[in-house]
Amino acid sequence: METEEHLLPQPRRAEALGGRRRHRDRVAQPPGLDDASRRLANEQPAADALVHARRIAGGGPRPATPEPRPPVLRSASPSGTHAMAQRDSIRDLAQKVGQTAVVRGWVYHRRTAGKLCFLEVRDGSGVVQAVVKKGAVPDAQFEAADKVRLESSVAVTGTVRADPRAAGGVELSVSDLQVVSACVADFPVGKKEHGIGFLMEERHLYLRSRRPWATLRVRAEVERALREWLDAAGYTAVDAPIFTPSAAEGTANLFRVDYFGEPAFLSQTGQLYMEAAAQSLGKVYCFGPTFRAEKSKTRRHLTEFWMLEPEIAFGDLDEVMSVMESVVSHAVSRVLERCRPELEALGRDVAALERVKPPFPRVSYDDALEMLKGTPAEIPWGEDFGAPQEDAVSAKFDRPILVHRFPTKIKAFYMKPDPARPEVVLGCDCVAPDGYGELIGGGERASDLAYLEHKIAEENLPKAAYEWYLDLRRYGACPSAGFGLGLERTVSWICGLDHAREAAAFPRTLHRVYP
RNA sequence: UCCCCGGUAGCUCAGUCGGUAGAGCGGCUGACUGUUAAUCAGUAGGUCCGUGGUUCGAGUCCACGCCGGGGAGCCA
14 METEEHLLPQ
24 PRRAEALGGR
34 RRHRDRVAQP
44 PGLDDASRRL
54 ANEQPAADAL
64 VHARRIAGGG
74 PRPATPEPRP
84 PVLRSASPSG
94 THAMAQRDSI
104 RDLAQKVGQT
114 AVVRGWVYHR
124 RTAGKLCFLE
134 VRDGSGVVQA
144 VVKKGAVPDA
154 QFEAADKVRL
164 ESSVAVTGTV
174 RADPRAAGGV
184 ELSVSDLQVV
194 SACVADFPVG
204 KKEHGIGFLM
214 EERHLYLRSR
224 RPWATLRVRA
234 EVERALREWL
244 DAAGYTAVDA
254 PIFTPSAAEG
264 TANLFRVDYF
274 GEPAFLSQTG
284 QLYMEAAAQS
294 LGKVYCFGPT
304 FRAEKSKTRR
314 HLTEFWMLEP
324 EIAFGDLDEV
334 MSVMESVVSH
344 AVSRVLERCR
354 PELEALGRDV
364 AALERVKPPF
374 PRVSYDDALE
384 MLKGTPAEIP
394 WGEDFGAPQE
404 DAVSAKFDRP
414 ILVHRFPTKI
424 KAFYMKPDPA
434 RPEVVLGCDC
444 VAPDGYGELI
454 GGGERASDLA
464 YLEHKIAEEN
474 LPKAAYEWYL
484 DLRRYGACPS
494 AGFGLGLERT
504 VSWICGLDHA
514 REAAAFPRTL
524 HRVYP
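In terms of this note's numbering, the first sequence is residues 14 to 528.
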């Protein structure tokens, strides 16, 4: 079936990024113990249970604002029958100078200097240099430190020492080194440049490198911030189905699955379901994976991506535009607040992100066409906005913009025409700066039954498949508005990534479903 | 579906006019008690994507195929 046309960005031009950039990654050192650790120490003390849970989790995500009380894990409780192995988070080592700590993690890097061996160990929370001195540990352990393959898992016990020579300010004077599991061969992903094809083939291992580490942490923070804003604003999270019924001729871009002998399809939007849910709960959102079987090979396209789709009963275009700029700004400000080391690791221009605050400039389709007059991107009224148009217009601003009121004929059937100008719809796209294109698409839904029936017939859509949706107009119809935000594109923009696939842990693209 | 680019050592790449296969990094061996992508010395490592063709001779030229990258269309 047809879906909202601008839930996600139109293509962005390669030129906007300075031409064809080679996908290389220098897998350099991850941030060591830095302000992440210190910042954490300054955050409000968590409940005992929370602290306990984090110790168990071994350096899990940083605390977010309102955090639910975690379950008590009895089996791992210190008072239980199982003694827990000590495990100190590298992030917290700065607070343990002079104490003995046990770091369990992976050998990130190794340098040797005669009877000294420097091991950089990472545990997900940070990296710390462990110094192994011949004589300070049994000879066999020194030998192991000297020979251990990178990315082998280890348990290192030692005294935390403040040392200005160490990258994070502290290092570990090792008294005991255990190789938990040695790599069976040299780790495939090295510290130098690699091509994107190789990195994606080794994605499960590449994940351990700095860029993926930083990106996934930012992604997690973005997800958290988006939910946080909506939850605080009174929205109810409603999970949309992934299996959807055979719906329309537009199934060419849907993944078909065998549903007990019947055809079914992987969802490409939860929007229509959210409209139903909004009639129960008022303000709702879904946040989950969506699937598009399009053979698009661009840095903006994934075949599986996550979309945040709020829907507001009795909402209108102005409200929806306000929510768009609010959630995007909130996500950016949370990332700025909590992910500085990650942004630094990614080389992101933080100043550009700091400008991202409401209000975003409102640009009507008419205004945009006016701006494009005389430029190579000029198009006649009525033609759809493409990447050249988006880039040319967004380049005139220093923050995301809201482009609204597109021609009715180029938009999806369910979008509501502007009563004052039926030739345009009350829809809006949020276009990111720097050629990242469309992050969000949305607007008011057509609520008039007769109009929808007319549009469905006009576009030759199978009416039967839409009967349930039409029921929403038959039984207490209301004005409704909402939008879809593409998570990977948003994260790509915030992180300054080259490709949306970098924003997913295990991206699915036209030519990749492995690993 | 279309257009462009690519496939040579584990990785990233160079390879001139068609004439014995190269570099950096990584690996291995050794040296080094403060290294930060350490440094220094030595060393090993090749189905030049595949098939066929042209040629005395093909990594190089031609055809077809396979795989990958970027973009267009389309889509979000």
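Every residue, glycine too, gets a C-beta built ideally from N, C-alpha and C. Keep in mind that this is a model prediction, so the values were computed, not measured.
| message | Taking 7 Å as the threshold (C-beta atoms), are Gly-118 and Val-134 in contact? | response | Residue 134 sits at position 121 when you count from the first residue of the first sequence. Residue 118 sits at position 105 when you count from the first residue of the first sequence. The answer is yes: Cβ separation under 7 Å.
| Who are Tyr-482's beta bridge partners in DSSP? | Locating residue 482 in the first sequence gives position 469, where the first residue counts as 1. Tyr-482 pairs with nothing; no bridge assigned.
| task | Grab the span of the alpha helix (DSSP H) containing Thr-303 for me, first residue to last. | result | As a working note, residue 303 is residue 290 in the first sequence. Element bounds for Thr-303: not the alpha helix (DSSP H) but the beta strand (DSSP E), 296–304.
| said: So for Gly-118, helix, strand or coil by DSSP? | reply: Position 105 of the first sequence, counted from the start, is the residue given in the question as residue 118. Three-state DSSP puts Gly-118 in a strand.
| Taking the alpha helix (DSSP H) that Pro-401 falls in, what are its first and last residues? | Locating residue 401 in the first sequence gives position 388, counting from the first residue. Looking at the DSSP string, the run of the alpha helix (DSSP H) that includes Pro-401 is 400–407.
| field | Collapsed DSSP secondary structure at Asp-244 in the structure displayed | value | Within the first sequence, residue 244 is the residue found at index 231, counting from 1. Residue state, collapsed to three classes: helix.
| Beta carbon of Gly-455 nearer than 7 Å to that of Gly-399 | For the purposes of this step, residue 455 is identified with residue 442 of the first sequence, where counting begins at 1. For the purposes of this step, residue 399 is identified with residue 386 of the first sequence, where counting begins at 1. No; because the gap between Cβ atoms is not below 7 Å, this pair is not in contact.
| message | Out of Asp-136, Phe-273, Leu-439, Val-444, which one is the CA nearest neighbour of Ser-102? | response | On the first sequence, residue 102 is found 89 positions in, with the first residue counted as 1. Checking every option, the nearest Cα to that of Ser-102 belongs to Asp-136.
| request: Identify which residue in Gly-328, Ala-114, Ala-405, Ser-377 has its Cα closest to the Cα of Arg-174. | output: Looking up residue 174 in the first sequence gives position 161. Closest option to Arg-174, Cα to Cα, is Ala-114.
| task | Would you kindly work out how many angstroms separate the C-alpha atoms of Ala-153 and Val-161, rounded to a whole number? | result | What you label residue 153 is simply residue 140 of the first sequence in a count that begins at 1. What you label residue 161 is simply residue 148 of the first sequence in a count that begins at 1. In a straight line, the C-alpha of Ala-153 is about 12 Å away from that of Val-161.
| task | Could you pull out every residue in the same chain whose Cβ sits closer than 8 Å to the Cβ of Phe-426, ignoring the five residues on either side in sequence? | result | Counting from one through the first sequence, the residue named residue 426 turns up at place 413. Taken in chain order, the residues that qualify are Glu-15, Ala-459, Leu-465, Lys-468, Ile-469, Glu-471, Glu-472, Leu-474.
| Where do the N-terminal and C-terminal ends of the beta strand (DSSP E) with Arg-347 fall, by residue? | Counting from 1 along the first sequence, the entry for residue 347 is found at position 334. Run containing Arg-347: none in the beta strand (DSSP E); it sits in the alpha helix (DSSP H), 330–351.
| said: Going by DSSP, what residue range makes up the beta strand (DSSP E) through Ile-392? | reply: Counting from 1 along the first sequence, the entry for residue 392 is found at position 379. Segment: none, Ile-392 is in no beta strand (DSSP E) and carries neither H nor E.
| said: Buried or exposed, going by whether 16 or more other CB atoms sit within 10 Å of the CB of Glu-515? | reply: As a working note, residue 515 is residue 502 in the first sequence. Label assigned to Glu-515: buried.
| field | Assigned exposure category for Trp-242 - 16 Cβ within 10 Å defines buried | value | Sequence index remark: in the first sequence, residue 242 carries index 229 (1-based). Answer is buried; the Cβ neighbour count reaches 16.
| query | What number of angstroms, rounded off, separates the C-alpha of Leu-523 from the C-alpha of Ser-335? | reply | As a first step, residue 523 is located in the first sequence; it is residue number 510 there, counting from the start. As a first step, residue 335 is located in the first sequence; it is residue number 322 there, counting from the start. Approximately 35 Å, taken between the alpha carbons.
| said: I'd like to know whether the C-beta atoms of Phe-313 and Ala-513 end up nearer to each other than 7 Å. | reply: What you label residue 313 is simply residue 300 of the first sequence in a count that begins at 1. What you label residue 513 is simply residue 500 of the first sequence in a count that begins at 1. The sequence shown places Arg at residue 313, rather than the Phe named in the question. Yes, these two residues count as a Cβ contact at 7 Å.
| query | For Pro-339, which residues from the same chain have a beta carbon less than 7 Å from its beta carbon, with the 5 sequence-adjacent residues on both sides left out? | reply | Position 326 of the first sequence, counted from the first residue, corresponds to residue 339. A quick correction: the sequence has Ser, not Pro, at residue 339. Result list for Ser-339: Trp-242, Pro-371, in chain order.
| Does the Cβ-Cβ distance between Val-231 and Val-348 come in under 7 Å? | Against the first sequence, residue 231 aligns to sequence position 218. Against the first sequence, residue 348 aligns to sequence position 335. Yes, the pair counts as a contact, with Cβ atoms nearer than the cut-off.
| query | Considering Asp-455, what are the terminal residues of the beta strand (DSSP E) in which it resides? | reply | On the first sequence, residue 455 is found 442 positions in, with the first residue counted as 1. The residue asked about is misnamed: residue 455 is Gly in this sequence, not Asp. Here the beta strand (DSSP E) through Gly-455 covers 450–457.
| request: Tell me whether the beta-carbon of Ala-358 lies closer than 7 Å to the beta-carbon of Val-235. | output: Within the first sequence, numbered from 1, the residue matching residue 358 stands at position 345. Within the first sequence, numbered from 1, the residue matching residue 235 stands at position 222. No, they are not a contact pair.
| said: I'd like the list of long-range same chain contacts for Thr-249, defined as Cβ closer than 6 Å, with 5 residues on each side in sequence excluded. | reply: The residue you call residue 249 lines up with position 236 of the first sequence. Answer for Thr-249: Leu-294, Val-297, listed in chain order.
| request: Pair every Cβ in the stretch 318–328 with every Cβ in the stretch 407–415, then say whether three or more of these pairs are closer than 8 Å. | output: no
| request: Can you tell me the Cβ-Cβ gap for Pro-420 and Tyr-378, rounded? I've got them flagged as a contact below 8 Å. | output: Residue 420 sits at position 407 when you count from the first residue of the first sequence. Residue 378 sits at position 365 when you count from the first residue of the first sequence. That belief holds up - the Cβ atoms of Pro-420 and Tyr-378 are roughly 7 Å apart, short of 8 Å.
| request: Can you tell me which of the three DSSP states Val-437 falls into? | output: Locating residue 437 in the first sequence gives position 424, counting from the first residue. Of the three classes helix, strand and coil, the one that applies to Val-437 here is strand, per DSSP.
| field | Assumed close pair Pro-528, His-122 - CB separation to whole angstroms, cut-off 8 Å | value | Position 515 of the first sequence, counting from 1, holds the residue named residue 528. Position 109 of the first sequence, counting from 1, holds the residue named residue 122. So it is not a contact: roughly 24 Å between Cβ atoms.
| message | Using only the alpha-carbon positions, how far apart do Tyr-257 and Tyr-488 sit? | response | Indexing the first sequence from 1 puts residue 257 at position 244. Indexing the first sequence from 1 puts residue 488 at position 475. Correcting the residue identity first, residue 257 is Thr in this sequence and not Tyr. About 23 Å.
| request: Examine the Cβ distances between the stretch 302–312 and the stretch 281–293 and report whether three or more of them are shorter than 8 Å. | output: yes
| said: Measuring only the C-alpha atoms, how far is Leu-106 from Val-183? | reply: Residue mapping note: residue 106 aligns to position 93 of the first sequence, counting from 1. Residue mapping note: residue 183 aligns to position 170 of the first sequence, counting from 1. If I take the Cα positions, the gap works out to 7 Å.
| Straight-line gap, Gly-509 to Glu-332 (C-alpha atoms, nearest Å) | Numbered from its first residue, the first sequence carries residue 509 at position 496. Numbered from its first residue, the first sequence carries residue 332 at position 319. Approximately 29 Å, taken between the alpha carbons.
| message | Give the list of continuous beta strand (DSSP E) stretches no shorter than 3 residues that lie fully inside the stretch 190–256. | response | none
| query | Can you tell me where the alpha helix (DSSP H) with Gln-154 in it begins and where it stops? | reply | By one-based count along the first sequence, residue 154 stands at place 141. Counting along the chain, the alpha helix (DSSP H) containing Gln-154 begins and ends at 152–160.
| request: Note down the Cα distance separating Tyr-219 from Ile-255, rounded to an integer number of angstroms. | output: Here residue 219 refers to the residue found at position 206 of the first sequence. Here residue 255 refers to the residue found at position 242 of the first sequence. Straight-line Cα distance between these residues: approximately 29 Å.
| task | Output yes or no for whether 7 Å exceeds the beta carbon distance between Val-438 and Lys-424. | result | By 1-based counting over the first sequence, the position of residue 438 is 425. By 1-based counting over the first sequence, the position of residue 424 is 411. Cβ atoms of Val-438 and Lys-424: closer than 7 Å.
| request: Kindly identify the DSSP beta-bridge partner or partners of Ala-149. | output: Residue numbering aside, residue 149 sits at position 136 when the first sequence is read from its first letter. According to DSSP, Ala-149 bridges with nothing at all.
| field | Option nearest Ala-149 by Cα separation, candidates Leu-163, Asp-189, Glu-206, Glu-391 | value | The residue labelled residue 149 in the question sits at position 136 within the first sequence. Of the listed residues, the one whose Cα sits closest to Ala-149 is Asp-189.
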